[in-house]
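Below is one structure, written out as structure tokens; comments come after it.
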Amino acid sequence: MRVLTVDDSRTILAMLHHTLTNAGFEVLQAENGQIGLEVLENEEVDIVITDINMPVMDGIEFIKNVRASGRHQSLPILILTTETSQDKRDQGRAAGGTGWIVKPFDPEKLISVIHKVVH
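As structure tokens, this is what we get:
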């Protein structure tokens, strides 16, 4: 299974890479939403995990752009963020996010959620 992780934090990208590769996933990474869109133009993935607060293109705009391309209408997109407000959750859901995970994440729970939304 291929996962695209989108986050401007190198630490979070490293933690996600470690967690996901140890669970047997192939991991592609992007530092912001714009780079994430470029990756999706050229690569097939089974799921995306994105932050919300990033420079260049934030997670909400990224999700809207992914959903606007007909190719990725049903691609699961998990939002992994420090944001906890209902307003942000509503924005994420309205943009087309599949699920919401608050940082710091529990590796076992993350893997479990991925399996739930992809299968």
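Here full-length UniProt numbering is used: the first residue of the sequence shown is 1, the next is one more, and so on.
The beta carbon of each residue, even a glycine, is placed where N, CA and C say it ideally should be.
Quick caveat, the model's predicted, so the values are computed rather than measured.
Helix, strand or coil at residue i [DSSP, three-state]
i    : result
E108 : helix
E31  : coil
T50  : strand
G96  : coil
E26  : strand
V39  : helix
D118 : The residue you asked about is not Asp; residue 118 is Val in the sequence shown. Here V118 sits in helix by DSSP.
Alpha-carbon to alpha-carbon, residue j and residue i
i    : j    : result
P76  : V6   : 14 Å
T19  : P107 : 6 Å
F105 : G70  : 30 Å
I114 : D51  : 15 Å
I101 : E43  : 24 Å
Q86  : I63  : 18 Å
Q74  : E41  : A small fix is needed here, since residue 74 is Ser in this sequence, not Gln. Cα to Cα, S74 sits roughly 15 Å from E41.
G99  : A68  : 18 Å
Close Cβ partners of residue i (< 6 Å) along its chain, the five nearest in sequence each way excluded
i   : result
V45 : R2, L4
L37 : N65
H72 : V66
Span of the alpha helix (DSSP H) around residue i
i   : result
T84 : Premise fails: T84 is in no alpha helix (DSSP H) and is neither H nor E.
T19 : 10-22
V66 : 59-68
Residue range of the beta strand (DSSP E) that includes residue i
i  : result
Q3 : It is Val, not Gln, that sits at residue 3 in the sequence shown. 2-6 is the span of the beta strand (DSSP E), which, as asked, contains V3.
Beta-carbon proximity check, residue i vs residue j, cutoff 8 Å
i   : j    : result
V33 : V56  : Rather than Val, the amino acid found at residue 33 in this sequence is Gly. Yes, they are a contact pair.
G24 : I60  : no
T81 : K103 : yes
M54 : D90  : no
G96 : I79  : no
Chain-order list of residues whose beta-carbon lies under 8 Å from that of residue i (same chain, five-residue window excluded)
i    : result
L28  : R2, V3, L4, T5, V39, E43, V45
K109 : I101
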